[in-house]
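**Student:** Once you've had a glance at the structure underneath, I'll fire off some questions.
There are 2 protein chains.
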Amino acid sequence: MTAPAYAKVKTQLLRRISNGRWRAGDRIPSEHELMREFGVARMTVGRALRELTDEGWLLRTQGVGTFVGGEPRAESHPVEIRNVAEEIAARGHAHRAEPVRLEEAELDDEVAAAMERASGERVFFSEVVHWEGDQPLQFERRWVAPDFAPDYLAQDFSRITPSAHLLKIAAIEAGEQIVRAEAADRRVAARLQVKTGAPLLVLVRRTWARGRVVSHARLFHPAQRFQLAGRFGDVK
Amino acid sequence: MTAPAYAKVKTQLLRRISNGRWRAGDRIPSEHELMREFGVARMTVGRALRELTDEGWLLRTQGVGTFVGGEPRAESHPVEIRNVAEEIAARGHAHRAEPVRLEEAELDDEVAAAMERASGERVFFSEVVHWEGDQPLQFERRWVAPDFAPDYLAQDFSRITPSAHLLKIAAIEAGEQIVRAEAADRRVAARLQVKTGAPLLVLVRRTWARGRVVSHARLFHPAQRFQLAGRFGDVK
DNA sequence: CAGTGGTCTAGACCACTCG
DNA sequence: GAGTGGTCTAGACCACTGG
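One line per chain: the protein sequences are A and B, in this order.
Under my numbering, the first residue of the first sequence carries the number 3, and numbering increases by one thereafter.
Under my numbering, the first residue of the second sequence carries the number 3, and numbering increases by one thereafter.
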């Protein structure tokens with residue numbers, strides 16, 4: 003029932019920051035001092051301090067000390083996004099994927115830059131519409147490195163999502179995501195069954211495996227039917 | 003120069019997951035086994051496993067074992083957002099805030115729900131336009147609990163941002179953020195100098211302090227001039 | 001140099017799950 | 001009961017910083 007010691011130390015320290023007893027930039031007591039104050043081992047204090055540092059509350063410098071972090075933390079909210087199929091499943095609806103294009107394509111300048119490859123290089127390209135019940139929720143355009151996924155064009159993307167296929171080949175080691183709003187152009191509008199010019203939420207993703215960009219995707223969502231949510235801290 | 007032992011263990015384990023040697027759902031060796039295999043103390047293995055768990059690669063259950071995490075991880079990219087003033091400063095541009103409204107207001111049903119307060123209750127309300135050079139980058143509408151920030155209406159929001167004022171009162175303990183796309187209505191369009199109907203990226207935030215919702219904000223951004231970015235893993 | 005954080009060890013006790 | 005993860009201790013060595 004009782005919280006572990008490192009968690010109690012975290013709570014106490016966090017209280018002193020919230021209180022204003024310790025303010026941004028202040029130096030806080032050393033590990034040895036806190037160890038004596040709370041009557042725990044140094045490793046325990048260390049864990050509390052490390053976690054508070056990871057969470058952005060503290061800044062530590064070896065040989066110098068531990069300091070209360072500045073303002074940046076407060077408006078820095080993580081946003082987590084799952085893949086469409088799960089997103090839809092989590093809401094209790096049926097997911098259906100409709101592949102509308104699957105071919106080899108030449109990289110134009112923009113996509114080539116995103117994939118860190120030469121312009122004109124040939125890669126695999128797919129377009130898939132993801133349906134939530136009878137409404138299109140996402141239109142996915144994806145470029146994939148053939149050396150990473152040689153069987154990409156042979157997949158049935160109504161049965162497995164492109165992202166799931168890539169994951170079966172190897173775990174993704176790193177990723178980047180950009181979130182943008184855009185007005186729908188004619189082609190995308192048609193796929194998502196919205197009017198041309200309607201607002202869309204667009205996710206642009208790049209994923210790395212084995213040290214290279216293996217996939218670049220642009221995911222278009224109708225603004226009325228899609229949003230991203232994120233939290234930090236404990237919302238009581 | 004050489005990486006700490008816990009980091010080496012992490013790298014090794016991660017490699018086995020990337021390889022496909024361990025697949026999603028597989029049970030991996032126990033801490034005692036890994037301890038013998040790598041020749042390190044159990045605390046060291048423990049730290050490696052804890053961090054991989056925090057990063058989403060592993061799932062652990064006390065009394066049962068440690069398992070390779072499923073697919074969700076791969077498409078789950080955290081997005082970090084800083085406040086506008088910093089964002090603009092980071093790009094090397096001048097930030098200017100223009101307060102356009104600052105008053106007491108009654109909560110309508112929607113905002114009341116967001117703030118977990120009674121409809122009709124009186125709170126403080128502000129509207130501020132944030133400029134990057136000579137272009138408006140954000141139109142901020144904010145509702146604030148008077149019991150938390152009694153001096154809110156007396157602030158000069160051309161000199162301090164609303165969020166900075168709230169932070170000076172107490173640290174934010176928890177937050178929630180929703181990211182949406184919307185078409186600009188007439189009022190917002192005018193403030194952001196875009197056409198009515200133009201796509202906007204909208205952030206809806208709620209922040210908690212002392213266990214209550216203390217602020218609710220809607221931040222409107224012109225789609226052409228604003229996007230959010232996030233990364234995970236090491237992009238080499 | 002003394003003080004700091006970063007890491008590590010070899011043990012230990014506990015709560016939990018499963019057969 | 002045996003095996004698991006979760007935590008904790010009391011020491012230790014190191015790299016780094018500052019005066």
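Cβ atoms here follow ideal geometry from the backbone N, Cα and C, with glycine treated the same way.
Do the segment 129-144 of chain A and the segment 194-206 of chain A meet, that is, are 3 or more Cβ pairs less than 8 Å apart?
**Tutor:** The segment 129-144 of chain A is in contact with the segment 194-206 of chain A.
**Student:** Nearest to R18/A by alpha carbon, out of A114/A, R227/A, D149/A and G71/A?
**Tutor:** Closest by alpha carbon: G71/A.
**Student:** Please report how far the alpha carbon of R103/B lies from the alpha carbon of A120/B, in whole angstroms.
**Tutor:** So the two alpha carbons sit approximately 23 Å from each other.
**Student:** Out of curiosity, what's the CA-to-CA distance linking A116/A and P224/B?
**Tutor:** Whole-angstrom Cα-Cα distance: 23 Å.
**Student:** Which residues in the same chain have their Cβ closer than 8 Å to the Cβ of L54/A, if we skip the five residues on either side of it in sequence?
**Tutor:** Same-chain partners within the cutoff: K12, L15, L16 and L60.
**Student:** Against chain B, which members of the segment 184-203 of chain A pass a CB distance test of less than 8 Å?
**Tutor:** Within the segment 184-203 of chain A, the qualifying residues are E184, A185, G199, A200, P201, L202 and L203.
**Student:** If you draw a straight line from the alpha carbon of G213/B to that of S160/A, how long is it in whole angstroms?
**Tutor:** Those two C-alpha atoms are separated by around 46 Å.
**Student:** Using CA atoms only, rank isn't needed, just tell me which of G232/B, Q137/B, D136/B and A173/B is closest to A151/B.
**Tutor:** The residue with the shortest Cα to Cα distance from A151/B is A173/B.
**Student:** Alpha carbon to alpha carbon, how far is F69/B from T68/A?
**Tutor:** C-alpha separation (whole angstroms): 35 Å.
**Student:** Would you mind stating whether V1/A and F222/A have Cβ atoms separated by less than 8 Å?
**Tutor:** This structure does not reach residue 1/A, given that chain A is present from 3 up to 238, and the question cannot be answered.
**Student:** Would you mind telling me which residues of chain B sit closer than 9 Å to E105/A, beta carbon to beta carbon, in chain order?
**Tutor:** Near E105/A there are no residues of chain B at all, since even the closest Cβ is about 24 Å away, more than 9 Å.
**Student:** Could you give the first and the last residue of the continuous alpha helix (DSSP H) run that contains H167/B?
**Tutor:** Note, H167/B: alpha helix (DSSP H), P164 to I171.
**Student:** Rounded C-beta distance between R106/A and R124/A? I'm assuming under 8 Å.
**Tutor:** The sequence given here has Glu at residue 106/A, not Arg. Going by Cβ atoms, the distance from E106/A to R124/A rounds to 5 Å, so yes, they are a contact pair.
**Student:** Candidates V215/B, R188/B and A50/B: which alpha carbon is nearest L168/B's?
**Tutor:** When only C-alpha atoms are compared, the closest one is V215/B.
**Student:** Taking 7 Å as the cut-off, does the CB of S128/B come closer than this to any heavy atom belonging to the ligand ZN?
**Tutor:** The model on display carries no ligand, and the ligand ZN is accordingly not part of it.
**Student:** Ends of the beta strand (DSSP E) at H223/A?
**Tutor:** Unbroken beta strand (DSSP E) run through H223/A: R214 to P224.
**Student:** When you compare only the Cα positions, how much space is there between E33/B and W210/B?
**Tutor:** Rounded to the nearest angstrom, the two C-alpha atoms are 38 Å apart.
**Student:** Suppose contacts are defined by Cβ-Cβ distances below 8 Å. Is A231/A in contact with I180/B by that definition?
**Tutor:** Contact: yes.
**Student:** For Q157/B, does the count of other Cβ atoms within 10 angstroms reach 16, so buried, or fall short, so exposed?
**Tutor:** Buried, because 16 or more other Cβ atoms sit within 10 Å of the Cβ of Q157/B.
**Student:** Is it buried or exposed for N21/A, if we count other Cβ within 10 angstroms and need 16 for buried?
**Tutor:** Result: exposed.
**Student:** Just checking: is the beta-carbon of I180/B within a distance shorter than 8 Å of some beta-carbon in chain A?
**Tutor:** It does; some Cβ of chain A falls within 8 Å.
**Student:** On the CB-based measure, 16 or more other CB atoms within 10 Å of its CB, does T163/A come out buried or exposed?
**Tutor:** Answer is buried; the Cβ neighbour count reaches 16.
**Student:** Look up V190/A in the DSSP assignment and say whether it is helix, strand or coil.
**Tutor:** If DSSP states are grouped into helix, strand and coil, V190/A belongs with the helices.
**Student:** What does the Cβ neighbour count give for T46/B, buried or exposed, with the cut at 16 atoms within 10 Å?
**Tutor:** T46/B is buried by the Cβ-count criterion.
**Student:** Can you tell me the Cβ-Cβ gap for A183/B and L202/B, rounded? I've got them flagged as a contact below 8 Å.
**Tutor:** Going by Cβ atoms, the distance from A183/B to L202/B rounds to 7 Å, so yes, they are a contact pair.
**Student:** What does the alpha-carbon distance come out to for the pair V131/A and R23/B?
**Tutor:** Taking the straight line from one Cα to the other gives about 33 Å.
**Student:** Starting from F69/B, trace the beta strand (DSSP E) both ways and give me its first and last residue.
**Tutor:** F69/B -> beta strand (DSSP E) spans G67 to V70.
**Student:** Is the CB of A173/A under 8 Å away from at least one CB in chain B?
**Tutor:** Yes, because at least one Cβ of chain B sits closer than 8 Å to the Cβ of A173/A.
**Student:** What residues match up with P138/A in a beta bridge as DSSP calls it?
**Tutor:** W133/A.
**Student:** Among residues of its own chain, excluding the 5 on either side of I90/B, which ones have a beta-carbon nearer than 8 Å to its beta-carbon?
**Tutor:** These residues qualify, in order along the chain: A96, H97, H132, E134 and L139.
**Student:** Once the 5 residues before and after A76/B are set aside, which same chain residues still bring their CB inside 7 Å of it?
**Tutor:** With a pLDDT of only 43 at A76/B, under 50, the local geometry of the prediction cannot be trusted, and the value read off the model is given with reservation. None.
**Student:** Quick one, which residues of the segment 49-72 of chain A are near chain B if we go by CB-CB under 7 Å, in chain order?
**Tutor:** Answer in chain order: no residues at all.
**Student:** Could you please give me the residues that DSSP links to A9/A through a beta bridge?
**Tutor:** None; A9/A has no bridge partner.
**Student:** Cβ closer than 7 Å: which chain A residues qualify as neighbours of F234/B?
**Tutor:** Residues of chain A passing the Cβ test: A176 and G177.
**Student:** May I ask you to list, following chain order, the residues of the segment 14-35 of chain B that have a beta carbon less than 7 Å from some beta carbon of chain A?
**Tutor:** Residues passing the 7 Å Cβ filter: I19, S20 and G22.
**Student:** Can you check the segment 16-75 of chain A for any beta strand (DSSP E) of at least 3 residues that lies completely inside it and give the ranges in chain order?
**Tutor:** As far as the segment 16-75 of chain A is concerned, its whole beta strand (DSSP E) runs of at least 3 residues are 60-63 and 67-70.
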